[in-house]
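Asks: Residue numbers (this note's numbering), protein chains in the order written: chain A, 3 to 408; chain B, 25 to 126; chain C, 149 to 327; chain D, -10 to 107. Cβ coordinates follow ideal geometry from the N, Cα and C atoms, glycine included.
1) Give the straight-line distance between the Cα atoms of residue 400/A and residue 384/A, rounded to the nearest whole angstrom.
2) So, at 8 Å on beta carbons, what are the nonlocal neighbours of residue 88/A in its own chain, with the 5 sequence-adjacent residues on each side left out?
3) Taking only beta carbons into account, state which residues of the region 273 to 292 of chain C come closer than 9 Å to chain D, listed in chain order.
4) Of all Cβ atoms in chain A, is any one closer than 8 Å to the Cβ of residue 160/C?
5) Quick one: grab the DSSP three-state call for residue 136/A.
6) Shortest alpha-carbon distance to residue 77/A belongs to which of 86/A, 69/A and 71/A?
7) To which residues of the same chain is residue 143/A closer than 7 Å at the C-beta, ignoring the five residues directly before and after it?
8) How is residue 35/B classed by DSSP in three states: helix, strand or coil?
9) Give the straight-line distance between the Cα atoms of residue 371/A and residue 314/A, rounded to the nearest whole angstrom.
10) Is residue 66/D closer than 8 Å to residue 93/D when the C-beta atoms are compared?
11) From residue 278/C to residue 206/A, what does the alpha carbon distance come to, in whole angstroms?
12) Taking the alpha-carbon positions, what's the residue 2/A to residue 63/D distance?
13) Between which two residues does the alpha helix (DSSP H) carrying residue -6/D extend?
14) Would you report the Cα separation of residue 266/C and residue 221/C, rounded to the nearest angstrom?
15) Just tell me which of 36/B, 74/B, 106/B and 97/B has its CA closest to the CA of residue 225/C.
16) For the putative contact between residue 344/A and residue 215/A, defined by C-beta atoms under 8 Å, what is the C-beta separation to the nearest angstrom?
17) Let me see if you follow: with CB-CB separation under 8 Å, is residue 27/B close to chain C or not?
18) Which ranges does the beta strand (DSSP E) cover as unbroken runs of at least 3 residues, wholly within the region 68 to 104 of chain A, from first to last along the chain?
19) Just how far apart, CA to CA, sit residue 346/A and residue 77/D?
20) What residues in its chain sit with their C-beta under 7 Å from that of residue -9/D, if we drop five residues either side in the sequence?
21) So, at 7 Å on beta carbons, what are the nonlocal neighbours of residue 189/C in its own chain, with the 5 sequence-adjacent residues on each side left out?
22) Strictly under 8 Å for the Cβ-Cβ distance: is residue 61/D near chain B by that measure?
23) According to DSSP, is residue 236/C helix, strand or coil?
24) Under the three-state reduction of DSSP, which class applies to residue 27/A: helix, strand or coil?
25) Output yes or no for whether 8 Å exceeds the beta carbon distance between residue 101/B and residue 306/C.
26) What residues from chain C crowd round residue 151/A, counting only those whose CB sits closer than 7 Å?
27) Suppose the cutoff is 7 Å on Cβ atoms and the five residues either side in sequence are ignored; what does the same chain contact list for residue 276/A look like?
28) I need the straight-line Cα distance from residue 357/A to residue 351/A, nearest angstrom please.
29) Using the Cα positions of residue 232/A and residue 141/A, report the straight-line distance between them to the nearest angstrom.
30) So the candidates are 211/A, 230/A, 185/A and 322/A; which of them puts its Cα closest to the Cα of residue 335/A?
31) List the residues that DSSP assigns as beta-bridge partners of residue 128/A.
32) In the DSSP output, what is residue 117/B paired with across the bridge?
33) Taking the C-alpha atoms as reference points, what is the distance between residue 254/A and residue 115/A?
34) Against chain C, does residue 91/B count as a neighbour if the rule is that its beta carbon must be under 8 Å from one of theirs?
35) Specify, as a first and last residue, the run of the alpha helix (DSSP H) that residue 68/D falls within.
36) Let me confirm a value: residue 23/D is counted as buried when at least 16 other C-beta atoms fall within 10 Å, else exposed. Which label applies?
Dropping the structure here:
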């Protein structure tokens, strides 16, 4: 069995499998060992990237957005800043506050990291290079995200602190609210690809789903930004309102784990967006040279990550009532309409033999125009109401001003 | 291979634990949690019978999903009722909730 | 004992013990977290039963939604986060006896039926095919279209009912605040 | 199918261990000099007043409630979406009807003001 350069990842797996079987191990045990090794490599590489490289990248790019230099002391370009941070956090005293529920308090940060690492099991990096090609991949992502919600509520409750609990409740209310448009909009790629498996979704994207369903992509992106708790939705840690949110009592490496989970998560949504809407590893030449597919995937993911950072350093934080209104009165109805319209129009287009891409583009354009029109009408009505309320007020003030003078 | 009876014994265990919770817990929310346990035992039974019966016939899974929907509705309405009673009577102990009894 | 059986026993043990903890743990929040572990164990069993869709649904619905709802309700219905007083009512001993007898009878009946112990898993169709079949079955006029649409009506009724029950409390809250 | 899940079963514990390792390292390396003030609840330098319990708004529960219902709705629709390519138009319309019925619920919640953050 030679090494097939057109299928390097499959070949490596085969080589390892045959090697272990030749050592006299039974087949099931070999697949378990391979899974453990693969999972270890995956978790190690991604967590190190997130913990060391992404934090450096984010600080550096953030600094450039704000016309600063950013970290530049430790190593070339400050590249080892993340390692220095990690060492610092490790050496900090780890305080468990009095009255805390010790077990729950300690398990919460572990669950937070696990929920993000678990997401990578279904991300296809390149042809043949995927942890687990589950045929329920899309829902698996949602399910593992739910574990993250649980870790927030555990952290907030076990800290025995008003602000932590209040912060946790707000965070959970926000996370679950934004899960609705996200889940609904995930129906669109599922429908277009006819499968929930991530590999099938990538294979189905002869035309990127971003072009077929731009509105769905927009809703998914906004709601996953909120899921991560990134600006403009970082109410999770609104210092001015709830001190520091659910992880206020955490210190040392336990806090570090929450931080790593957050950074890692925003990188992960870049990867998920890439897989679901940007064609994953697909690109010119990636079919013949899978290595190229990996390059495409990483490039697209970092591009999306850059956009997340761009948004973070550009927009101010929204208020929680605005945020809930955005979710329940804008994103959720929009997601419902997108799902229904896509389902009906795609079926009609197929039965009438219309070309798929233009039809979907036209549909999405119409949806955008309709939404904008509705919003404009609503804003007009609101303005009229505000003016109507102001009119008598202005008269009173004028009358009052005239009164004493006359 | 795992015999079907193992699943059934486990599901029966979950069901009876839930039943004990319903009969013995004082807190209404705890009773609701026990009911969720019992419903889960039912779902486990349905799925096990589906798998060992005729997996090509999908009806077992359909039943299970419908039970999920029922469980969610039941939890939502039940907890809303408990919250409402708590507001009026400041109690969540099931034996104190006796407005309909006289 | 095969590897599958070992995995089953492990999952079953976790599920069983955490289920017991749900009903005996004195702190309600702990009971809620034990419930989450029980539900996760059952999700693992669904994976073993080769029903991956139901396994993820179990996690999404039960752990991601119902457990959160229950934990919210626990937090809303307590003056303090620490419990005090008895958690079990006066009938608990009788309840224990009844349920133990019931369990013994159930296990006895299951073990009596030899076909249950002998039943083995038939070869299953490709799981993605099953999933598409499930989707088709739900909207097929000859199969489950009625339960499907009735489920949506049930959910609508639950939504309206629960909001209706919970809303007056919000109004009351406002009044309290104004006073 | 099950062999795919082995990877998930391996990855999740590995994720836990990877998170636990630095924490344990911190426990071993970090200084440990607890005192009452350090361990007290963090609250802007003021002594903690009362219990951790605060009167939470029922609104939190209402959001969770609407979330549960719509989560179930999405779950029902996923098999429908997977089978989408094999469905006829009327079957797709049945799914749309399902969504519309629940959209009525959203409308009700909206009209009742259950979506407002008070």
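Replies: Working from what's here:
1) Counting from 1 along the first chain, the entry for residue 400/A is found at position 398. Counting from 1 along the first chain, the entry for residue 384/A is found at position 382. Because residue 400/A carries a pLDDT of 49, less than 50, the predicted location of this residue cannot be relied on, and the following value inherits that uncertainty. Between residue 400/A and residue 384/A, the C-alpha separation is close to 24 Å.
2) For this step, residue 88/A is matched to residue 86 along the first chain. Correct list, in chain order: 53, 54 and 258.
3) 274, 275, 276, 279, 280, 281, 282, 283, 284, 285, 286, 287, 288 and 289
4) For the purposes of this step, residue 160/C is taken as residue 12 along the third chain, with counting starting at 1. No, its Cβ sits nowhere closer than 8 Å to a Cβ of chain A.
5) The count along the first chain starts at 1 and reaches residue 136/A at position 134. Reduced to three states, the DSSP call for residue 136/A is coil.
6) Walking along the first chain from the start, residue 77/A turns up at place 75. Taking only the C-alpha atoms, the option nearest residue 77/A is 86/A.
7) To locate residue 143/A, count along the first chain from 1; it is residue 141. Within the same chain, residue 143/A has close Cβ partners 121, 124 and 274.
8) Mapped onto the second chain, residue 35/B falls at position 11. If DSSP states are grouped into helix, strand and coil, residue 35/B belongs with the helices.
9) Here residue 371/A refers to the residue found at position 369 of the first chain. Here residue 314/A refers to the residue found at position 312 of the first chain. So the alpha carbons of these two residues sit roughly 27 Å apart.
10) The residue you call residue 93/D lines up with position 104 of the fourth chain. The residue you call residue 66/D lines up with position 77 of the fourth chain. No, Cβ-Cβ distance for residue 93/D and residue 66/D is not below 8 Å.
11) Counted from its first residue, the third chain places residue 278/C at position 130. Counted from its first residue, the first chain places residue 206/A at position 204. Between residue 278/C and residue 206/A, the C-alpha separation is close to 20 Å.
12) This structure does not reach residue 2/A, given that chain A is present from 3 up to 408, and the question cannot be answered.
13) The residue given as residue -6/D occupies position 5 in the fourth chain. Counting along the chain, the alpha helix (DSSP H) containing residue -6/D begins and ends at -9 to 18.
14) As a working mapping, residue 266/C is identified with position 118 in the third chain. As a working mapping, residue 221/C is identified with position 73 in the third chain. C-alpha separation (whole angstroms): 44 Å.
15) Taking the third chain and counting its residues from 1, the one referred to as residue 225/C is at position 77. Nearest C-alpha to residue 225/C: 106/B.
16) To locate residue 344/A, count along the first chain from 1; it is residue 342. To locate residue 215/A, count along the first chain from 1; it is residue 213. Their Cβ separation, rounded to whole angstroms, is 6 Å, which keeps residue 344/A and residue 215/A in contact under 8 Å.
17) Locating residue 27/B in the second chain gives position 3, counting from the first residue. Yes, residue 27/B counts as interfacial toward chain C.
18) none
19) Taking the first residue of the first chain as 1, we reach residue 346/A at position 344. Taking the first residue of the fourth chain as 1, we reach residue 77/D at position 88. Going by the C-alpha atoms only, they are around 10 Å apart.
20) Numbered from 1 along the fourth chain, position 2 holds the residue referred to as residue -9/D. Closer than 7 Å at the Cβ level, and outside the excluded window around residue -9/D, lies no residue.
21) By 1-based counting over the third chain, the position of residue 189/C is 41. Excluding positions up to five away in sequence, the list reads 159, 162, 163 and 166.
22) Here residue 61/D refers to the residue found at position 72 when the fourth chain is read from its first residue. With 8 Å as the cut-off, residue 61/D counts as an interface residue toward chain B.
23) Indexing the third chain from 1 puts residue 236/C at position 88. Reduced to three states, the DSSP call for residue 236/C is strand.
24) Walking along the first chain from the start, residue 27/A turns up at place 25. Three-state DSSP puts residue 27/A in coil, outside helix and strand.
25) Stepping through the second chain from its first residue, residue 101/B is reached at position 77. Stepping through the third chain from its first residue, residue 306/C is reached at position 158. Yes, these two residues count as a Cβ contact at 8 Å.
26) Walking along the first chain from the start, residue 151/A turns up at place 149. Those are 212 and 216, listed as they occur along chain C.
27) On the first chain, residue 276/A is found 274 positions in, with the first residue counted as 1. So the list reads 282, 299, 302, 303 and 306, once near-sequence residues are dropped.
28) In the first chain, the residue the question calls residue 357/A occupies position 355. In the first chain, the residue the question calls residue 351/A occupies position 349. Distance between the alpha carbons of residue 357/A and residue 351/A: 7 Å.
29) The sequence position of residue 232/A within the first chain is 230, counting from 1. The sequence position of residue 141/A within the first chain is 139, counting from 1. Cα to Cα, residue 232/A sits roughly 23 Å from residue 141/A.
30) As a working note, residue 335/A is residue 333 in the first chain. The shortest Cα separation from residue 335/A among 211/A, 230/A, 185/A and 322/A belongs to 185/A.
31) Here the question's residue 128/A lines up with position 126 in the first chain. Bridge partners of residue 128/A: 131/A.
32) Along the second chain, read from residue 1 onward, the residue named residue 117/B stands at position 93. BP columns for residue 117/B point to 51/B.
33) If you number the first chain from 1, residue 254/A lands on position 252. If you number the first chain from 1, residue 115/A lands on position 113. When rounded, the distance between both Cα atoms is 15 Å.
34) Within the second chain, numbered from 1, the residue matching residue 91/B stands at position 67. Closer than 8 Å: no.
35) Locating residue 68/D in the fourth chain gives position 79, where the first residue counts as 1. It spans 47 to 71 - the alpha helix (DSSP H) in which residue 68/D sits, taken as one unbroken run.
36) Your numbering for residue 23/D matches position 34 in the fourth chain. Label assigned to residue 23/D: exposed.
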